[in-house]
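Some notes on the structure that comes next.
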Ligand SMILES: Nc1ncnc2c1ncn2[C@@H]1O[C@H](COP(=O)(O)OP(=O)(O)OP(=O)(O)O)[C@@H](O)[C@H]1O
Ligand SMILES: [Mg+2]
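Residue numbers (my numbering): 407 to 853.
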């Protein structure tokens with residue numbers, strides 16, 4: 407591939423001879439090469455150019471190579487570093503490696519030594535970057551899905567992860583809001599600090615304030631110890647306020663104040679504490695309705711909704727359902743120590759057409775059920791819970807009477823099991839005699 411773009415290398419040396427020699431050599435191998443005669447020059451090139459490899463001299467007047475290496479290590483991810491020096495001493499090499507240099511080349515070196523070392527470092531760098539990308543995918547907290555609507559969720563996660571802005575995640579129940587909150591945290595610079603999920607609906611009203619902000623010893627009966635709240639625990643990290651619509655109005659005022667002032671008051675204390683906790687909130691309620699009903703503060707809504715990530719319901723995710731079925735099937739088969747389970751096309755079709763009111767969580771539960779029950783390694787329509795058959799074939803028929811729906815359903819089930827009456831009665835949850843009665847009814851109706 408003659409036109410393939412080669413890596414960019416910055417060569418830093420106070421000796422112009424060495425600089426030019428290395429530059430000429432590397433250019434002959436088609437690398438893009440920048441040079442700097444001092445660490446200060448190098449710092450400004452690094453700020454404005456995307457560099458893959460830094461090759462620096464150790465001894466330089468004013469700022470030496472070690473300080474430059476430290477600067478790069480602290481401020482740039484994924485720049486490889488190689489140190490060159492005329493003073494090939496072991497302590498020098500150790501220092502350089504400690505500071506973050508990957509390779510150490512002693513002057514004088516041959517062209518060949520230069521080429522092989524540079525090539526080796528760049529190969530390692532590529533490998534590191536690639537595994538970093540893989541890591542990134544994993545950092546989507548296990549979210550599965552390739553549909554366009556999920557792609558836009560991912561790009562929002564990545565964008566929000568590079569800031570500390572408050573995020574509001576909305577979407578129906580079971581659509582993955584908590585996974586998204588985790589993905590926001592674990593892709594952000596806060597990833598090494600705590601991620602604290604708080605289920606606002608689950609905390610008794612009288613305890614919410616102390617749970618969130620902590621309390622001083624003796625501030626109320628049973629406050630035997632001074633205790634930090636979730637906000638303090640999540641300092642420098644992320645607090646995930648789940649089911650935010652369920653927080654009482656009195657608490658909403660306090661949260662608003664936290665968002666405005668970035669400080670909290672422990673219960674029983676008049677002294678405020680500065681906190682640096684990122685807030686990610688989620689709800690499956692439509693907040694505009696809650697605002698209209700007076701149960702949610704509009705000003706808090708605006709403060710929370712700086713970045714909005716809206717999760718699409720499963721029924722809008724197209725073929726993602728097949729990826730999710732695969733994912734959950736493998737997961738549960740592994741957990742249960744069972745061999746892989748394969749779905750027939752017909753069974754997949756039924757799963758695809760079901761309306762999934764409970765979204766991904768419901769799908770996950772049903773796949774779990776199916777895998778637990780399965781012994782043959784194959785899943786056909788007959789193995790699907792009857793709920794799925796019924797909903798798949800009788801949805802959107804609000805004008806039909808019950809008998810018509812039942813008849814249609816009976817016929818569909820029969821068709822799915824290729825007319826096998828015992829399989830059909832098993833799915834329908836009725837005995838063969840009752841099935842026969844239904845069929846008699848159907849045949850008289852159709853006469
Ligand atoms: N895209 C997805 N890929 C893989 N698993 C998912 C996905 N979305 C949801 N899940 C799984 O579905 C279940 C429900 O997800 P989660 O708890 O994040 O939903 P939620 O939106 O917070 O639901 P609720 O509103 O009921 O709290 C979890 O077990 C989660 O792992
Ligand atoms: Mg949730």
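Beta carbons are placed, not taken as given, at the ideal position from N, Cα and C, and that holds for glycine.
Proximity below 8 Å, CB of residue i to CB of residue j
i           : j           : result
residue 848 : residue 813 : yes
residue 475 : residue 443 : no
residue 637 : residue 618 : yes
residue 559 : residue 586 : yes
residue 438 : residue 417 : no
residue 721 : residue 761 : yes
residue 635 : residue 616 : yes
residue 662 : residue 726 : no
residue 491 : residue 464 : yes
residue 546 : residue 600 : no
residue 703 : residue 658 : yes
residue 606 : residue 683 : no
residue 841 : residue 829 : no
residue 524 : residue 432 : yes
residue 528 : residue 520 : no
residue 717 : residue 504 : no
residue 823 : residue 785 : no
Limits of the unbroken beta strand (DSSP E) element including residue i
i           : result
residue 671 : 669 to 671
residue 509 : 509 to 512
residue 417 : 414 to 418
residue 684 : 684 to 689
residue 442 : 438 to 442
residue 646 : 644 to 648
residue 604 : 601 to 605
residue 573 : 573 to 576
residue 459 : 459 to 463
residue 678 : 678 to 680
Residue i CB to nearest heavy atom of ligand 2 below 7 Å
i           : result
residue 688 : yes
residue 648 : yes
Near ligand 1: residue i beta-carbon under 7 Å from a heavy atom
i           : result
residue 584 : yes
residue 425 : no
residue 864 : Coverage of the chain is limited to positions 407 through 853, which leaves residue 864 absent and any answer about it impossible.
residue 733 : yes
residue 579 : yes
residue 685 : no
residue 548 : yes
residue 767 : yes
residue 730 : yes
Cβ-heavy atom distance, residue i to ligand 4, below 7 Å
i           : result
residue 553 : What this structure holds is ligand 1 and ligand 2, not ligand 4.
Limits of the alpha helix (DSSP H) - the one that residue i falls within
i           : result
residue 702 : Residue 702 -> no alpha helix (DSSP H), and no H or E assigned at all.
residue 614 : 611 to 619
residue 451 : 445 to 454
residue 836 : From DSSP, residue 836 is part of no alpha helix (DSSP H); its letter is neither H nor E.
residue 819 : 808 to 822
residue 424 : 422 to 434
residue 561 : 554 to 567
residue 583 : 583 to 592
residue 636 : 636 to 639
Assess, as a yes-or-no matter, whether the stretch 639 to 658 is touched by the stretch 682 to 693 under the definition of 3 or more beta carbon pairs within less than 8 Å.
Contact holds: three or more Cβ-Cβ distances are below 8 Å.
Length at least 4, wholly inside the stretch 468 to 493: the alpha helix (DSSP H) runs in chain order
471 to 481
Determine, using beta-carbon pairs with one atom in the stretch 566 to 580 and one in the stretch 699 to 715, whether at least three such pairs fall under 8 Å.
yes
Within 8 Å, do at least three Cβ pairs link the stretch 619 to 629 to the stretch 658 to 677?
yes
Counting pairs of Cβ atoms below 8 Å between the stretch 749 to 762 and the stretch 555 to 571, do you hit three or more?
Three or more Cβ pairs closer than 8 Å define a contact, and the stretch 749 to 762 falls short of that threshold against the stretch 555 to 571.
Length at least 3, wholly inside the stretch 711 to 786: the beta strand (DSSP E) runs in chain order:
713 to 716
For the structure I just gave you, are there three or more beta carbon pairs, one from the stretch 477 to 495 and one from the stretch 526 to 536, closer than 8 Å?
yes
Does the contact criterion of 3 or more C-beta pairs under 8 Å hold for the stretch 809 to 826 versus the stretch 759 to 778?
no
Does the stretch 728 to 741 come into contact with the stretch 773 to 784, if we say contact requires no fewer than three beta-carbon pairs (one atom in each stretch) closer than 8 Å?
yes
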